[in-house]
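Have a look at the structure below, then the notes.
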Amino acid sequence: MKETPLYQYHREKSRITEFAGFEMPLWYTSISEEHLAVRNRVGIFDVSHMGRILLNGPDSDEFLDHLIPTRAALQPPGKSFYTLLLNERGGIEDDLIVLKNAANDYLLVVNAVNTSKDLEHVTRRAKEYRVGVSGITSQSTMIAIQGPEAKRALKEAVSVNLEELKRFRFLPYTTSGHRCLISRTGYTGEDGFEMIILDSGVETPHFALKTWNDLAGRATPCGLGARDSLRIEAGYPLYGQELDENTNPFEADLSWVVAMDKPDFVGRSALEEISRQKESRIRRGVVLSEKVPRPGFEILNGSGEQVGRVTSGTFSPLIRRGIALCYLAIDYSEPRTPVEVKVRDSTAPAEVTRPPFYDESRYGWKRERE
Numbered sequence: 421m422k423e424t425p426l427y428q429y430h431r432e433k434s435r436i437t438e439f440a441g442f443e444m445p446l447w448y449t450s451i452s453e454e455h456l457a458v459r460n461r462v463g464i465f466d467v468s469h470m471g472r473i474l475l476n477g478p479d480s481d482e483f484l485d486h487l488i489p490t491r492a493a494l495q496p497p498g499k500s501f502y503t504l505l506l507n508e509r510g511g512i513e514d515d516l517i518v519l520k521n522a523a524n525d526y527l528l529v530v531n532a533v534n535t536s537k538d539l540e541h542v543t544r545r546a547k548e549y550r551v552g553v554s555g556i557t558s559q560s561t562m563i564a565i566q567g568p569e570a571k572r573a574l575k576e577a578v579s580v581n582l583e584e585l586k587r588f589r590f591l592p593y594t595t596s597g598h599r600c601l602i603s604r605t606g607y608t609g610e611d612g613f614e615m616i617i618l619d620s621g622v623e624t625p626h627f628a629l630k631t632w633n634d635l636a637g638r639a640t641p642c643g644l645g646a647r648d649s650l651r652i653e654a655g656y657p658l659y660g661q662e663l664d665e666n667t668n669p670f671e672a673d674l675s676w677v678v679a680m681d682k683p684d685f686v687g688r689s690a691l692e693e694i695s696r697q698k699e700s701r702i703r704r705g706v707v708l709s710e711k712v713p714r715p716g717f718e719i720l721n722g723s724g725e726q727v728g729r730v731t732s733g734t735f736s737p738l739i740r741r742g743i744a745l746c747y748l749a750i751d752y753s754e755p756r757t758p759v760e761v762k763v764r765d766s767t768a769p770a771e772v773t774r775p776p777f778y779d780e781s782r783y784g785w786k787r788e789r790e
């Protein structure tokens with residue numbers, strides 16, 4: 421089992437669980453308490469298990485534009501952007517965040533469960549290009565600082581000016597001789613930052629642990645339990661739940677990352693054919709009036725016919741209801757459509773929604789500032 425550079429802290433303070441081959445914190449106090457700390461104040465997460473892949477060399481712009489469906493070469497330096505890795509059938513191999521440091525210089529942040537697969541996928545396709553591909557996951561640390569007070573907590577812990585850092589932008593800086601990146605991104609729906617310490621990894625964790633402890637004095641440490649409930653509440657997909665190699669971006673409600681006007685990228689021909697057909701299903705959310713949905717639960721119409729299936733489900737500590745991400749037949753995908761979720765031997769009334777599940781004027785990065 422692998423450990424992150426921050427494992428020493430987690431071992432002493434948290435309930436440990438296994439995830440993607442790593443020993444990770446599930447919770448420190450409780451999932452609900454940590455969830456609400458992020459929605460109302462600020463929480464920190466160890467996300468060092470996420471894969472980090474460097475891509476550089478004179479053909480990197482051209483190669484990345486071939487590899488992903490989003491325009492890479494046109495992105496400005498200092499830009500972070502969400503995109504997908506596709507297969508030739510247009511299926512999703514992974515979703516990821518790309519940080520563009522400069523022309524032909526990128527960092528890919530991929531899902532932990534897919535790190536080895538993605539590294540092989542990228543390396544294999546890079547052979548025809550002048551591109552260097554290197555995995556730096558174990559040599560680096562990644563910490564997410566999330567919530568409406570994230571900027572304050574991070575500014576107090578590290579001496580860097582964050583005032584001009586906009587959403588989906590990042591800045592490089594050096595502190596105490598350590599090279600870092602801070603990106604205004606996250607996986608909770610809240611405003612926040614993701615900090616990558618490039619040279620404090622598993623074998624040299626001291627600076628990473630010091631940074632984490634400095635942040636822990638100003639924010640609530642959170643585990644994977646709250647990270648999952650927060651991302652479901654925000655409506656964010658998870659690979660292996662909402663996304664897989666047989667799911668295309670259109671039915672996953674991710675068409676906005678696909679630039680079909682690009683002349684060439686992996687999976688483009690298949691997506692062009694798929695786009696001519698009427699989708700049979702779409703990713704949506706449902707809110708239950710009672711009970712808690714779980715992955716695999718069937719969604720039924722008023723006649724008892726199956727019209728969808730739950731992919732992720734949880735109890736929302738914020739709205740105090742059972743919520744789920746799901747795939748629904750197109751005819752039942754409009755918000756406020758009444759459906760039923762089959763929960764073991766009974767059914768629970770539910771209503772279709774398009775996440776997030778919270779009031780965006782009060783919660784999340786779009787919230788009205790006081």
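First residue of the sequence shown: 421, per the numbering used here; consecutive thereafter.
For each residue, glycine too, the CB sits at the ideal point set by N, CA and C.
Note that the coordinates shown come from a computational prediction; the quantities given were computed from them, not determined experimentally.
N- and C-terminal bounds of the alpha helix (DSSP H) containing His598: Membership of His598 in any alpha helix (DSSP H) is not indicated; the residue belongs instead to the beta strand (DSSP E) covering His598 to Ser603.
Closest Cα partner of Cys600 within the set Tyr747, Thr608, Trp676 and Leu527: Just measuring C-alpha positions, the residue of Tyr747, Thr608, Trp676 and Leu527 sitting nearest Cys600 is Leu527.
C-alpha distance - Ser468 paired with Ser723, whole-angstrom precision: Here the C-alpha atom of Ser468 lies approximately 47 Å from the C-alpha atom of Ser723.
Contacting residues, own chain, Cβ-Cβ under 8 Å from Ser579 (five flanking each side not counted): Setting aside the 5 residues that flank it on each side, Ser579 is surrounded in the same chain by Thr595, each with a C-beta closer than 8 Å to its C-beta; the list follows chain order.
Secondary structure of Asp479, DSSP reduced to three states: Coil at Asp479, not helix or strand.
Environment of Lys711 [buried if 16+ CB atoms lie within 10 Å]: buried
Supposed contact pair Phe717 and Val730 - C-beta distance, whole angstroms, cut 8 Å: 4 Å
Cβ neighbours of Asn792 in the same chain (closer than 8 Å, five flanking residues each side left out): Since the displayed the chain opens at 421 and closes at 790, residue 792 lies outside it and no answer follows.
Where Gly660 sits in the DSSP three-state scheme: coil
Neighbour-count burial assignment, Asp779, 16 or more Cβ in a 10 Å radius: exposed
Which of helix, strand or coil DSSP assigns to Lys630: Here Lys630 sits in helix by DSSP.
Identity of the residues DSSP links to Arg701 by a beta bridge: Ala749
Residues of its chain near Ala639, where Cβ-Cβ distance is below 7 Å and the 5 sequence neighbours each way are ignored: Val462, Gly463, Ile464, Ile565 and Ala573
Beta-carbon proximity list for Asp634, same chain, < 7 Å, skipping 5 on both sides: Ala577
is_contact[Arg756, chain B] using C-beta, thresh 9 Å: Among the protein chains of the structure shown there is no chain B, as only one such chain exists.
Inter-residue spacing [alpha-carbon to alpha-carbon] between Ile517 and Val727: Those two C-alpha atoms are separated by around 32 Å.
Where Ser620 falls: helix, strand or coil (DSSP): coil
Inter-residue spacing [alpha-carbon to alpha-carbon] between Tyr593 and Asn521: 12 Å
Contact belief for Val678 with Pro489 at Cβ below 8 Å, rounded distance in angstroms: 4 Å
Extent of the continuous alpha helix (DSSP H) to which Lys433 belongs: Tyr427 to Lys433
Local conformation of Arg544 per DSSP, three classes: helix
Beta carbon of Arg647 nearer than 9 Å to that of Lys499: no
Test item: CB-CB of Glu443 and Arg459 under 9 Å: no
Inter-residue spacing [alpha-carbon to alpha-carbon] between Asp684 and Ala457: 44 Å
Short Cβ contact (9 Å threshold) for Gly643 with Glu610: Going by C-beta atoms, Gly643 is not nearer than 9 Å to Glu610.
For Tyr593, the residue or residues it bridges with in DSSP: Cys600
In chain order, each beta strand (DSSP E) run of at least 3 residues that lies wholly inside the stretch 668-749: Those beta strand (DSSP E) runs which fall completely within the stretch 668-749 and span 3+ residues are 701-708, 718-720, 726-736 and 741-749.
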